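One structure is given here, and the rest of the page talks about it.
Protein chains in written order, with the numbering used here: chain H, 1 to 294; chain Y, 295 to 449.
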């Protein structure tokens with residue numbers, strides 16, 4: 001794997017100084033742990049019944065994302081029709097990139113944002129309660145928690161596959177801002193031109209350039225209903241290790257399903273084999289073909 | 295279903311065309327396609343050794359008795375139970391010991407592995423595998439399936 005340098009990473013000297021100060025701070029915390037915990041964050045206060053009722057009433061007036069489920073009808077990979085303005089390190093990575101023979105996610109490891117929502121075949125479902133929207137993504141069996149209580153991002157969010165998501169409404173559009181995405185989440189940074197793609201490759205990820213994203217990857221999603229049956233999600237990628245300026249992906253469409261077959265199901269990924277070699281009876285994991293070392 | 299036989303046949307024809315031409319639109323990316331010749335269809339007939347209803351993929355192991363008297367084990371991979379259950383499959387449709395015919399896309403390297411396309415069960419149920427279908431098709435419910443195996447019989 002080729003590492004793309006991260007310009008915004010702290011310099012070693014800064015890190016060393018911070019390290020010292022942070023150790024001191026940690027020591028102080030340890031000595032006075034009880035009081036430090038109380039002041040670390042504002043204590044949560046429950047809403048009154050009246051406040052809660054008002055919050056539910058506001059939810060009732062939002063666009064109806066909630067009935068049934070949403071099935072992706074867009075291709076899995078993004079097209080990158082307009083070439084992004086890449087950083088020199090990203091260009092070097094792309095130049096050296098060899099398309100993988102196979103998809104990088106035939107195993108059970110979570111894909112993470114942003115790619116997890118691209119995998120169609122199974123629906124997603126929105127749920128909502130005051131202060132939070134939840135989005136269950138069946139294809140990985142994971143749920144995104146989108147905070148709508150007006151909070152700000154934590155300064156150093158712990159990495160997670162789905163990241164830290166904060167949402168707000170701009171008219172009828174739900175805008176979701178996500179940071180703190182784990183380094184090994186599946187990330188597509190571009191697509192090989194038609195002539196460089198392997199011929200006769202039926203894979204839905206043919207010609208996709210997978211690669212590492214930077215530690216400060218930030219996603220801004222704009223979600224809105226085009227009509228009752230169609231949800232559109234347009235995502236803009238902010239990652240200055242790869243793109244010189246934020247890159248707006250083409251919008252993706254999702255179709256609503258209200259029949260019982262479209263209801264969400266459990267996804268428990270347990271059988272991690274790629275294929276069984278009938279001659280040896282052994283499970284073959286086929287890792288050599290993976291686009292990323294997952 | 296209220297389809298007429300003619301519209302069914304037409305839709306099946308369209309489905310074949312769609313399958314042949316728009317594989318790039320396929321929805322099931324958990325699936326490994328690199329191992330299989332998606333342009334080739336082979337009809338495997340044999341006895342079920344194992345049917346595993348598990349994510350990310352179902353597995354169907356079939357013992358095939360060849361014309362020369364030897365037996366061969368075929369390892370066939372299907373879609374996820376989540377997708378298949380929405381297309382009319384049930385975990386109880388296939389049991390060890392069942393006689394079965396399966397249209398598969400065989401291994402590229404000639405080994406006895408395959409990606410399931412259609413299963414013709416012992417009880418006469420015909421089930422299409424959703425792998426390679428569009429999200430729209432998946433949301434729309436079960437596909438049209440052929441009445442008999444379409445692959446080149448494996449002997």
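For each residue, glycine too, the CB sits at the ideal point set by N, CA and C. Just so we're clear, the structure is a prediction, and the values are computed from it rather than from any experiment.
Residue pairing by DSSP places residue 399 of chain Y opposite Y:409 in a beta bridge. Counting C-beta atoms within 10 angstroms of its own C-beta, residue 155 of chain H has fewer than 16 neighbours from the protein chains shown and is therefore classed as exposed.
Taking one beta carbon from each stretch, the segment 72 to 91 of chain H and the segment 145 to 162 of chain H have fewer than 3 pairs nearer than 8 Å; the two do not touch. With a cut-off of 8 Å on Cβ pairs, the segment 218 to 234 of chain H is not in contact with the segment 332 to 350 of chain Y, counting fewer than three such pairs. Selection H:129, H:83, H:187, H:235 evaluated against residue 66 of chain H yields H:129 as nearest (Cα-Cα). Counting C-beta atoms within 10 angstroms of its own C-beta, residue 190 of chain H has 16 or more neighbours from the protein chains shown and is therefore classed as buried. Interface flag for residue 335 of chain Y against chain H is unset, since no Cβ pair is found closer than 8 Å.
Within the DSSP secondary-structure output, residue 147 of chain H pairs in a beta bridge with H:132, H:166. Residue environment analysis places residue 411 of chain Y among the buried positions, since at least 16 neighbouring C-beta atoms fall within 10 angstroms of its C-beta. Residue 421 of chain Y is positioned such that its CB atom lies closer than 8 Å to that of residue 383 of chain Y.
In this structure, Y:408 is the residue among Y:435, Y:444, Y:408, Y:389 with its C-alpha nearest to the C-alpha of residue 399 of chain Y.
For residue 430 of chain Y, the nearest CB of chain H lies under 8 Å from its own CB, placing it at the interface with that chain. Burial is judged here by how many other beta carbons sit within 10 angstroms of a residue's own beta carbon; residue 333 of chain Y has fewer than 16 and is exposed. Chain order gives no chain Y residues near residue 222 of chain H, where near means a beta carbon separation below 8 Å; the closest approach is about 20 Å. For residue 258 of chain H, the CB contacts under 7 Å within the same chain, skipping 5 residues up- and downstream, are 67, 68 in chain order. Per the coordinates, the alpha-carbon of residue 385 of chain Y lies some 37 Å from the alpha-carbon of residue 234 of chain H. In the three-state reduction of the DSSP assignment, residue 93 of chain H falls in the helix class.
Burial is judged here by how many other beta carbons sit within 10 angstroms of a residue's own beta carbon; residue 56 of chain H has fewer than 16 and is exposed.
Taken through DSSP and simplified to helix, strand or coil, residue 381 of chain Y comes out as coil. For residue 73 of chain H, the chain Y residues whose Cβ falls inside 7 Å of its Cβ are 428, 429, 430, in order along the chain. Residue Y:428 holds the alpha-carbon nearest to the alpha-carbon of residue 119 of chain H among Y:419, Y:401, Y:428. In the three-state reduction of the DSSP assignment, residue 431 of chain Y falls in the helix class. For the set H:270, H:267, H:268, H:260, the Cα lying nearest the Cα of residue 380 of chain Y is the one of H:260. Look at residue 195 of chain H here: in three-state DSSP terms it is helix.
Of the other Cβ atoms in all chains shown, 16 or more fall within 10 Å of the Cβ of residue 239 of chain H; this residue is therefore buried. Residue 70 of chain H is bridged by DSSP to H:124, H:256. In the three-state reduction of the DSSP assignment, residue 221 of chain H falls in the strand class. For residue 366 of chain Y, the secondary structure class from DSSP, reduced to helix, strand or coil, is strand.
In the DSSP assignment, the residues bridged to residue 142 of chain H are H:137. Residue 165 of chain H places its beta carbon less than 8 Å from that of residue 144 of chain H.
A Cβ-Cβ separation of about 24 Å leaves residue 192 of chain H out of contact with residue 181 of chain H under the 8 Å criterion.
Exposure of residue 51 of chain H is indicated by the presence of fewer than 16 other C-beta atoms within 10 angstroms of its C-beta.
Distance from residue 70 of chain H to residue 123 of chain H at the Cβ level is roughly 6 Å; contact confirmed, criterion being Cβ atoms closer than 8 Å.
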